[in-house]
Amino acid sequence: MSPYKTIETQDKSSDVVWHQASVSHLERVAANGHQGAVLWFTGLSGSGKSTVANAVDKMLHDLGCKSYVLDGDNVRHGLNGDLGFSDSDRVENIRRIGEVAKLFVDAGLLVSTAFISPFAADRQMVRHLLKDKPFIEVFIDTPLEVCEQRDPKGLYKKARAGEIKQFTGIDSAYESPKTPEIHVKTATQDVQQSAQQVVDYLRSKQLITQV
Ligand code: ADP
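Residue 215 in my numbering sits at position 116 of the sequence shown, and the numbers go up by one each step.
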């Protein structure tokens, strides 16, 4: 059973039957010419998740692949606009993203998600949710000092001033992935090199064959 599935959601969906699609996942994959997969970017705020994910998206698009980016801040404006930053809301935030990402993968897309997702258990839950579909953890490993120096949204400054509570890396933990599929170090390589590293990984696993 999925660790996400609460008693409440089980009850709500017990009479709902999954409708078999007329176009199968394999037919979609064949039409796209590549596999569907989730690239799950994780890292501190300001580490470069959105920047690298968007650079990967652009490279994939230019290669003729079907791809998309689910960005943390954007999703919080819409789908997850009702969620805050309590522990339970953070879990629900990740659960919904995981479910949406799963639909994108079923549609045959290479979907990149850019969320801090600080807790290993939550990332593990999404991996579990994807079942046999590729879940690729991309650790955007940037030292806190570098993120804080970049501070692209001025959030570290606010967190240091006590204006934002429970800020990851300051007064809330970030659990680094132990065995990410892709380990990106943005302090020592530029955005294009990082994006290329991700695209090279997809090729090495034959998830894409486009050149
Ligand atoms: P996150 O999505 O992890 O919060 P962002 O991608 O929004 O991070 O911000 C990262 C910031 O760091 C951007 O302003 C980006 O231009 C900058 N940056 C500087 N060097 C790099 C690099 N080598 N890789 C990625 N981002 C970098």
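Virtual Cβ for every residue (Gly too), placed ideally from N, Cα, C.
When you compare the CB positions of residue i and residue j, do they come within less than 9 Å of one another, or not?
i	j	result
R238	I281	Checking the sequence, you will find Phe at residue 238 rather than Arg. Result yes, Cβ atoms of F238 and I281 sit closer than 9 Å.
L202	N192	no
C164	L209	yes
G132	T241	no
V245	T308	no
L162	V310	yes
With 16 other CB atoms within 10 Å as the buried threshold, where does residue i fall?
i	result
E236	buried
S149	buried
H176	exposed
L125	exposed
Q248	exposed
D299	exposed
DSSP on residue i, reduced to helix/strand/coil?
i	result
V283	strand
T150	helix
G197	helix
K157	helix
Based on the DSSP secondary-structure assignment, which residues constitute the bridge partners of residue i?
i	result
I235	L138
D170	A213
T267	S271
What does a CB cutoff of less than 7 Å around residue i pick up in its chain, not counting 5 residues either side in sequence?
i	result
D221	V190, I193
D170	S149, A213
Identify, in the order they occur along the chain, each residue of the same chain with its Cβ nearer than 8 Å to the Cβ of residue i, setting aside the five sequence neighbours on each side.
i	result
P233	Q134, G135, A136, V137, V204, K304, L306
E274	P217, F218, A219
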